[in-house]
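Here's the structure we're looking at; comments come further down.
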Amino acid sequence: QNDLVAMEKSADLTRVPVLKGRDEVAGVANALGGLVSRFEHFIADIRSAAGGLDERSGALDNGAESLQAASEQTRKQIHDVSQSMAAIADQASAIERATDESASTVKSAVAANEEVQHRLTTSEGAAEHTVDVISRVSGSIHALNESTGKIEQVIGVIADIAEQTNLLALNAAIEAARAGEHGRGFAVVADEVRTLSRRTSDSTRDISQWVQDLVSGVSSVDALLEEMRDAGSSNREHLAALKEHLQSLQGQFVDLENHSAEISSAVAFQRDEIGRVGRRSTALDESADFLIETVEQTRTISEALRQESVSMRQLIARFRTAAEPA
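With the first letter of the sequence shown counted as 1, position 176 gets the number 176 in UniProt numbering; the numbers rise by one all the way through.
Okay, structure coming up:
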């Protein structure tokens, strides 16, 4: 009994009382020894489990700390990716706005080019009409030149007649002078005829000069009209070349408009992809936050396990077993 009291006070399981014999007290002592032996094994198992639990708790804590650091780094990288995608989205929006403005400018240029082509077509028709009018005026001037030539011929005939009339009047005046008193009346008529002949001759000279001036003016006008016709033909050629160039530009404008549409479509697709990546980044960020929360919970559980291990160690530390040194 004293040995049992001492064992209970010191929690020394190595001091199990040993009784020999076959009576009931010896049987109880032997049963108590077996129970203490099993309790020693139980304490050893608890001590081993506490040690393993402590090691696993430390490993879990270290793993949680590493995972938390990796999660923080991942979240930072996701944040950087989100910022980069936001910047790319802003650039894509700017490109889209610039593309829309370019497309609007190209459409305006196409409309302006079509308007210019329409006006060039009108100008080309006007140039054709001008050249045709100049050709007809030139034909009329040539006809006028021919008419002035005929007028000069008629004036020459009138001048010859006036000259002959003057000679006849002179001869008549001479004959009237020879006739004396009887030829005086005839002399007066001869003088009037000579005066009329001179006036006719002077008039024909004036008319001839006027006709020559007219011919000179008509020739100048004809030369100017020829220059105008050449200029009109050249202008018509230039208009045709300009029209061809504008038609070529029209094709280029159409190609540019198609390219602008393709760029706009590509930018829209890129914007959709950027939005999709942004949504995935947000989901990853939320997953990283959830992972960090889970890691915190894991560390809390690990700390709780460590505390339980310490409590178990403290609980069995008061017992002394045969496996421990004295």
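No residue lacks a Cβ here, since even glycine has one placed at the ideal position from N, Cα and C.
Source: prediction; values computed, not measured.
Buried or exposed (CB count within 10 angstroms, at least 16 for buried), residue i
i, result
"A326", "Confidence at A326 is low in this model, with a pLDDT of 46, below 50, so the placement of that residue should be treated as unreliable; the coordinate-derived value is given next. Under this definition A326 is an exposed residue."
"G232", "buried"
"A92", "buried"
"A69", "exposed"
"T105", "exposed"
"I174", "exposed"
"L224", "exposed"
"S309", "buried"
"V295", "buried"
"T99", "buried"
"L267", "Looking at the sequence shown, residue 267 is not Leu but Val. By the neighbour-count rule (16 or more Cβ atoms within 10 Å), V267 is buried."
"S66", "exposed"
"S71", "buried"
Other residues of its chain near residue i: CB distance less than 6 Å, five sequence neighbours each side excluded
i, result
"V254", "none"
"Q153", "none"
"I95", "V267"
Cβ-based neighbour list, residue i, same chain, cut-off 7 Å, excluding 5 preceding and 5 following
i, result
"A159", "S201, T204"
"S302", "S57, L60, D61, A64"
"M228", "I134"
Spatial neighbours of residue i in its chain, beta-carbon cut-off 8 Å, leaving aside the 5 residues before and after
i, result
"Q247", "Q117"
"L242", "L120"
"S123", "L239"
beta-carbon residue i near the ligand HEM non-hydrogen atom, thresh 7 Å
i, result
"A86", "Absence of the ligand HEM is noted for the structure shown, with no ligands found whatsoever."
Item to complete: Mind listing, in chain order, the continuous alpha helix (DSSP H) runs of no fewer than 4 residues lying wholly within the segment 68 to 112?
Response: Complete alpha helix (DSSP H) runs here, min 4: none at all.
Item to complete: Scan the segment 224 to 265 and note each continuous beta strand (DSSP E) run of 3 residues or more that stays entirely inside, going in chain order.
Response: With a minimum length of 3 residues, no continuous beta strand (DSSP E) run stays inside the segment 224 to 265.
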